[in-house]
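Residue numbers for the sequence shown follow UniProt numbering, so the first one is 1 and each next one is one higher.
Glycine included, C-beta positions come from ideal geometry on N, C-alpha and C.
Only a predicted model underlies this, so the values are computations on that prediction, with no experimental measurement involved.
Take a look at the structure below.
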Amino acid sequence: MTLQQLQGSFLDDYNRLEAYANEIRENNPCSDVVINLSKDVMAEGKRRFLRMYICFNAMKLGFRQGLRPFIGLDGIFLKGHCKGQLLVAVAQDCQNHFYPLAYTVVDKKNTLTWIWFLELLKHSLNPKGGTSLLKAVRTILPLSNHRFCLRHIEANWSKRIKILVEMKQYLWWSAWSTYEEDFKDQLKNLSELSVDAAKELLRYPLQNWCRSYFDTLCKNQMVDNNFTESFNSWILEARGKPILKMLEDIRIKVMNRLREKEEEARTWGGEFSPNCMKLYAAYLKVANLCTVHFNGETGYEVSEGDDRHRVNLVEKKYTCRSWQLTGIPCPHAIRALKYKREDLMTEISWWHSNKAYPMTYMAKLMLVRGEKFWKVLPEHAMDPPPLAKTVGRPKVKRNREKDEANKRQGDWAASRRGTKMTCNICGELDHNSRTCKVGAEGNIEDVSCSAPQPTQEGEDESEFVFMPTPRVPRHQTEPFGDGSEH
1 MTLQQLQGSF LDDYNRLEAY ANEIRENNPC SDVVINLSKD VMAEGKRRFL
51 RMYICFNAMK LGFRQGLRPF IGLDGIFLKG HCKGQLLVAV AQDCQNHFYP
101 LAYTVVDKKN TLTWIWFLEL LKHSLNPKGG TSLLKAVRTI LPLSNHRFCL
151 RHIEANWSKR IKILVEMKQY LWWSAWSTYE EDFKDQLKNL SELSVDAAKE
201 LLRYPLQNWC RSYFDTLCKN QMVDNNFTES FNSWILEARG KPILKMLEDI
251 RIKVMNRLRE KEEEARTWGG EFSPNCMKLY AAYLKVANLC TVHFNGETGY
301 EVSEGDDRHR VNLVEKKYTC RSWQLTGIPC PHAIRALKYK REDLMTEISW
351 WHSNKAYPMT YMAKLMLVRG EKFWKVLPEH AMDPPPLAKT VGRPKVKRNR
401 EKDEANKRQG DWAASRRGTK MTCNICGELD HNSRTCKVGA EGNIEDVSCS
451 APQPTQEGED ESEFVFMPTP RVPRHQTEPF GDGSEH
């Protein structure tokens, strides 16, 4: 049995596409399903597929009822016989899991298709308040705040300037800074390594990539687009199938996901999400090391080592801004609240509660019948988009950036190119544990283990992957993870 017989002819799929859209509208009322035909061939009396948009009513309700007003946008290539791209809008729940809002199949990603997608998305969600994407956002949603993905900024930045590993560290530390003074310190450290690199970085508007300048409405401090990349990986297999089979696979995966996440909420043991409480517990440990001074009215001075922050619990103003960004009290606010003997749990944002999460996944996708029940009419027939002929063998994998993680043995890991491996017994170079003389002699007491050492200056650069984390005090050796799902 051929692959075409298993998955269906891609030509027949377009003839049944209108019937499939009607089936979704009939069984999922208030869902938005739009098929756009090419105007060029309609003038000739023909019908040719151009674009298709889908936003289920259950996803709209979940976003309005329980999700922070934060949406990630991305475009991904389709790998089937008839090429194209899938534009997606993905939200994020309080567990930092991705939440598929809407998606559209287009011929290519440009300003026109992004505007078409965002106009429909705006209509679906009814909000109250790349270069092509940026123009589209400014055109359709001029009052919205938008962010760039720092991974893409890093990739473009590295192409223009020769970047060292230490410079990339300062890039991420600058982005993670929650207040302006800390950002300027990190930028100064970067300038000492390369003035050109710092100037090139400042070409990007600070409010689009640095936490110090983010708005605090959405209670989300993400600086990358990892959660949309997680969605892209989630539908990887479906992207290589004919359009009808692909859309059905995505619909079924979304339907199952809503049920699974609702069941997950029943396992919570507290009032707030496990991800929230993990970060709160880490902040609480830091707060216990802080000292507080009260001015007798509304102000508190909270000292953490050499740093001192001002906390105003009445006006809810804090110099570190971490509480405002996340909705979770920062160590300085926790210390002031404990001094005032306030209930700390009441100060955590509702978005992280065990009430918001179930409301997100309360609405369900309604069932869709099989193809024999669809009303396929002759006037619904349409031609597929024209096939784009490419030279050479079809590409299966995209080209990765120099510092992007590669997949080895089923796990994602940073490249080892440019690193020197060391013995995990004695920590010395030029041999491993099997040939280690210290291990052979049995004298391994009080010998510290060593991680791979970076190369010396002038040799190939080491490659690392830096993952974004919430801002933590400098004396902490390891940042606390955001816990994005992959």
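Closest by C-alpha distance to residue i, when choosing among the options
| i | options | result |
| --- | --- | --- |
| residue 351 | 362, 438, 327 | 327 |
| residue 538 | 366, 35, 94 | It is not possible to answer for residue 538, since the shown part of the chain is limited to 1 through 486. |
| residue 372 | 11, 16, 168 | 16 |
| residue 247 | 67, 104, 41 | 104 |
| residue 13 | 429, 385, 85 | 385 |
| residue 10 | 188, 110, 99, 49 | 49 |
| residue 160 | 147, 198, 166 | 198 |
| residue 126 | 157, 173, 147, 65 | 65 |
| residue 220 | 97, 306, 200 | 97 |
| residue 319 | 244, 212, 430 | 212 |
| residue 81 | 242, 179, 183 | 242 |
| residue 287 | 230, 339, 200 | 339 |
| residue 296 | 356, 147, 311 | 311 |
| residue 106 | 99, 74, 100 | 74 |
| residue 349 | 277, 367, 289, 231 | 277 |
Inter-residue Cα distance where the pair is residue i and residue j
| i | j | result |
| --- | --- | --- |
| residue 509 | residue 322 | With the chain represented from 1 up to 486, any question about residue 509 goes unanswered, as that position is not in the structure. |
| residue 108 | residue 375 | 30 Å |
| residue 270 | residue 347 | 15 Å |
| residue 151 | residue 94 | 22 Å |
| residue 450 | residue 438 | Below a pLDDT of 50, predicted positions are generally treated as unreliable, and residue 450, at 35, falls in that range; the measurement from the model is reported next regardless. Those two C-alpha atoms are separated by around 14 Å. |
| residue 363 | residue 59 | 8 Å |
| residue 119 | residue 83 | 24 Å |
| residue 149 | residue 176 | 13 Å |
| residue 54 | residue 115 | 15 Å |
| residue 191 | residue 294 | 38 Å |
| residue 18 | residue 381 | 8 Å |
| residue 30 | residue 308 | 52 Å |
| residue 162 | residue 266 | 50 Å |
| residue 165 | residue 158 | 11 Å |
| residue 236 | residue 208 | 29 Å |
| residue 20 | residue 333 | 53 Å |
| residue 156 | residue 430 | 35 Å |
| residue 274 | residue 89 | 25 Å |
| residue 179 | residue 260 | 38 Å |
Contact check, residue i vs residue j, beta carbons under 8 Å
| i | j | result |
| --- | --- | --- |
| residue 280 | residue 336 | no |
| residue 426 | residue 432 | no |
| residue 500 | residue 91 | The question about residue 500 has no answer here: the residues shown for the chain are numbered 1 through 486. |
| residue 361 | residue 62 | yes |
| residue 216 | residue 325 | yes |
| residue 204 | residue 186 | no |
| residue 79 | residue 251 | no |
| residue 210 | residue 283 | no |
| residue 28 | residue 56 | yes |
| residue 369 | residue 44 | no |
| residue 117 | residue 86 | no |
| residue 262 | residue 358 | yes |
| residue 124 | residue 32 | yes |
| residue 68 | residue 218 | yes |
| residue 377 | residue 254 | no |
| residue 100 | residue 231 | yes |
| residue 272 | residue 353 | yes |
Coarse secondary structure for residue i, derived from DSSP in three states
| i | result |
| --- | --- |
| residue 221 | coil |
| residue 384 | coil |
| residue 74 | strand |
| residue 301 | strand |
| residue 354 | coil |
| residue 123 | helix |
| residue 19 | helix |
| residue 91 | strand |
| residue 32 | strand |
| residue 332 | helix |
| residue 343 | coil |
| residue 52 | strand |
| residue 420 | strand |
| residue 160 | helix |
| residue 179 | coil |
| residue 363 | coil |
| residue 284 | helix |
| residue 275 | helix |
| residue 267 | coil |
| residue 483 | No answer about residue 483 holds up, because its pLDDT of 44 lies below 50 and its placement is not dependable. |
Expected contact under 8 Å - CB spacing of residue i and residue j to nearest Å
| i | j | result |
| --- | --- | --- |
| residue 168 | residue 181 | Contact flag wrong, Cβ pair sits at about 22 Å. |
| residue 313 | residue 291 | Between residue 291 and residue 313 the Cβ distance is about 17 Å, and since that is not below 8 Å, they are no contact. |
| residue 491 | residue 51 | Residue numbering for the chain in the displayed model covers 1 to 486; residue 491 lies beyond these limits and cannot be assessed. |
| residue 183 | residue 174 | 6 Å |
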